[in-house]
Amino acid sequence: MKKTVLVSGGAGFIGSHVTVELAQAGYDVVIADNFSNCDETNYRGVCKILGRELPLIPTDFCDKAAVYALFEKYPIDAVIHFAAFKAVGESVAEPLKYYRNNILSFLNILDAAKDKERCNVLFSSSATVYGEAEDLPVTEKTPRQPAKSPYGNTKTVCEDILRDSVAAYPAVKGIALRYFNPIGAHPTALIGELPRGVPNNLVPFITQTAIGKRACLSVFGNDYPTEDGTCLRDFIDIVDLAKAHVCAVSRMIDGQMKQDYEIFNIGTGRPVSVLELINTFERVNGVKLNWKFAPRRPGDVVAIWADPTLAEQELGWKAERSVEQTLIAAWAWEKHLAEIGI
Ligand code: WQD
Numbered sequence: 370m371k372k373t374v375l376v377s378g379g380a381g382f383i384g385s386h387v388t389v390e391l392a393q394a395g396y397d398v399v400i401a402d403n404f405s406n407c408d409e410t411n412y413r414g415v416c417k418i419l420g421r422e423l424p425l426i427p428t429d430f431c432d433k434a435a436v437y438a439l440f441e442k443y444p445i446d447a448v449i450h451f452a453a454f455k456a457v458g459e460s461v462a463e464p465l466k467y468y469r470n471n472i473l474s475f476l477n478i479l480d481a482a483k484d485k486e487r488c489n490v491l492f493s494s495s496a497t498v499y500g501e502a503e504d505l506p507v508t509e510k511t512p513r514q515p516a517k518s519p520y521g522n523t524k525t526v527c528e529d530i531l532r533d534s535v536a537a538y539p540a541v542k543g544i545a546l547r548y549f550n551p552i553g554a555h556p557t558a559l560i561g562e563l564p565r566g567v568p569n570n571l572v573p574f575i576t577q578t579a580i581g582k583r584a585c586l587s588v589f590g591n592d593y594p595t596e597d598g599t600c601l602r603d604f605i606d607i608v609d610l611a612k613a614h615v616c617a618v619s620r621m622i623d624g625q626m627k628q629d630y631e632i633f634n635i636g637t638g639r640p641v642s643v644l645e646l647i648n649t650f651e652r653v654n655g656v657k658l659n660w661k662f663a664p665r666r667p668g669d670v671v672a673i674w675a676d677p678t679l680a681e682q683e684l685g686w687k688a689e690r691s692v693e694q695t696l697i698a699a700w701a702w703e704k705h706l707a708e709i710g711i
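Per our numbering, residue 370 is the first one in the sequence shown, and the count goes up by one each step.
Below, the structure is given as structure tokens:
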């Protein structure tokens, strides 16, 4: 029998790519989103890629009754939780908004999951939990560090809530995936990242500068202790990242887990500097970017990249797409947005 996966925040950047991969792998996907941080562009793109409509249920995951209603209506075998606020700076200015939304929504999902006979919960965590790690690359055993922002703290706290829920409620099994820096877009250019206002993240800022929406890209810091003085990150292709979710969901549903709560790093294992990324973008897309050095951005770690060995061994997953392919896809998406007038 086909298995059903509920994707909270399924109309967003990561959620839409995961939805496509799950549907293509044969799962029934229910998308639930309250469109607080996105419009229907990605949802329409998902339907176009798949050639059919998927159920889309407008849902506020902070509304417990609405979450229970979803669990009653659909035979949910697994839930993937993306519905969360994610702007680091805003979370510092409005911590209660972040704690209320990001934590309450997850509590409601776990409450509904624990009352089922069995429910698998996948939490979208982040490499932000490692902070400025002493030893690189980081493995899943690398100690977490106190978060530098309320946003980061919601990731740490939700990991702990999932761990404790799995320990207490026999119905609940859980996996946390710690993403490094997801970038790019679907190769069809029909879904991608759609930041509201001025982008916080590097790649949307690059593509928006290249298309002329932004005058100049600021590269934050040129005096870091790295080869070219800019920060090092593990940029992971969004389609590769989405495929990791299919592996994790099938591991849970097929009863392959070695422990009831598991954690995996989802990265490439390959550090790339901010300048290298900019130069590669220019080279593979044949465009010239207007950029300048600017002071360091508060809160940035110098370097972080994954040891993705555990994901390869246990999930049978590894990143496959090159940074060149990813940046070509990111640029194609930005051009698609220009064509459709966004
Ligand atoms: C990458 C590098 C910047 C913008 C954040 C979250 C993390 C995760 C992904 C989110 C840094 C530099 C950036 C710009 C720049 N999850 N940069 N100019 O900070 O590594 O990770 O996003 O939802 O939890 O913390 O990603 O893309 O913002 O920055 O020079 O205009 O690019 O300083 O070195 P980050 P990022």
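All C-beta atoms, glycine included, are put in the ideal place defined by N, C-alpha and C.
{"Asked": "Heavy atom of ligand 1 within 6 angstroms of residue 570 beta-carbon", "Found": "yes"}
{"Asked": "Heavy atom of ligand 1 within 6 angstroms of residue 455 beta-carbon", "Found": "yes"}
{"Asked": "Nearest candidate by alpha-carbon position, reference residue 629, set 494, 637, 620", "Found": "620"}
{"Asked": "Burial state of residue 439 (16 or more Cβ within 10 Å)", "Found": "buried"}
{"Asked": "Residue 373 (DSSP reduced to helix, strand or coil)", "Found": "strand"}
{"Asked": "Where the beta strand (DSSP E) containing residue 687 begins and where it ends", "Found": "Here residue 687 belongs to no beta strand (DSSP E), and DSSP marks it neither H nor E."}
{"Asked": "Range covered by the beta strand (DSSP E) that runs through residue 631", "Found": "630-635"}
{"Asked": "Buried versus exposed call for residue 381 [16 or more other C-beta atoms within 10 Å across all chains shown]", "Found": "buried"}
{"Asked": "Short Cβ contact (7 angstroms threshold) for residue 656 with residue 707", "Found": "no"}
{"Asked": "Contact between the segment 564-580 and the segment 504-515 (3+ Cβ pairs under 8 angstroms)", "Found": "no"}
{"Asked": "Rounded C-alpha distance that separates residue 454 from residue 701", "Found": "26 angstroms"}
{"Asked": "8 angstroms contact criterion, which residue 533 and residue 600 should meet: CB distance rounded", "Found": "Not really, about 34 angstroms apart at Cβ, beyond 8 angstroms."}
{"Asked": "Chain-order list of residues whose beta-carbon lies under 6 angstroms from that of residue 549 (same chain, five-residue window excluded)", "Found": "496, 603, 605, 636, 675"}
{"Asked": "DSSP-derived helix/strand/coil call for residue 547", "Found": "strand"}
{"Asked": "Bridge partners - residue 427, DSSP secondary structure assignment", "Found": "402"}
{"Asked": "Candidates 400, 410, 611: closest to residue 711 by CA position", "Found": "410"}
{"Asked": "Option nearest residue 485 by Cα separation, candidates 623, 582, 443, 518", "Found": "443"}
{"Asked": "Contact test: residue 487 Cβ vs ligand 1 heavy atom, cutoff 6 angstroms", "Found": "no"}
{"Asked": "Residue of 608, 615, 449 minimising C-alpha distance to residue 474", "Found": "449"}
{"Asked": "Rounded straight-line distance, which links the Cα of residue 432 to that of residue 446", "Found": "21 angstroms"}
{"Asked": "Residues that DSSP places opposite residue 604 in a beta bridge", "Found": "550"}
{"Asked": "Any non-hydrogen atom of ligand 1 within 6 angstroms of residue 648 CB", "Found": "no"}
{"Asked": "Between the CA atoms of residue 434 and residue 691 - distance to the nearest angstrom", "Found": "44 angstroms"}
{"Asked": "Residues bridged to residue 616 (per DSSP)", "Found": "According to DSSP, which records beta bridges pairwise, residue 616 is partnered with nothing at all."}
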